[in-house]
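The structure appears below as structure tokens.
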Amino acid sequence: MKNVINRAKAFITNEDGPTATEYAVMLALIIIAALTAITALGSRVSAIFSEVTTGIGG
530 MKNVINRAKA FITNEDGPTA TEYAVMLALI IIAALTAITA LGSRVSAIFS EVTTGIGG
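545 is the number that this note's numbering gives to position 16 of the sequence shown; each next residue is one higher, with no gaps.
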């Protein structure tokens, strides 16, 4: 019985699970922000390259 109590205490005080979850959430937010930035800037960059291509005469 004492072994079960010790394991329960160790499980409650172990912070590996929540830490991994926090890192997963942060990674997801970073990916969402990166995709949003790429989507927003992608059309602008494409327009700039089109202007440069037209200016060069290609």
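Ideal placement from N, C-alpha and C gives every residue a C-beta, glycine not left out.
A quick note: this is a predicted structure, and the numbers were derived from the prediction, not measured.
For residue i, the first and last residue of its enclosing alpha helix (DSSP H)
i	result
N532	K531 to T542
Distance, residue j Cα to residue i Cα
i	j	result
L558	T568	15 Å
A576	T583	11 Å
M555	N535	32 Å
Backbone secondary structure at residue i - three-state DSSP
i	result
G586	coil
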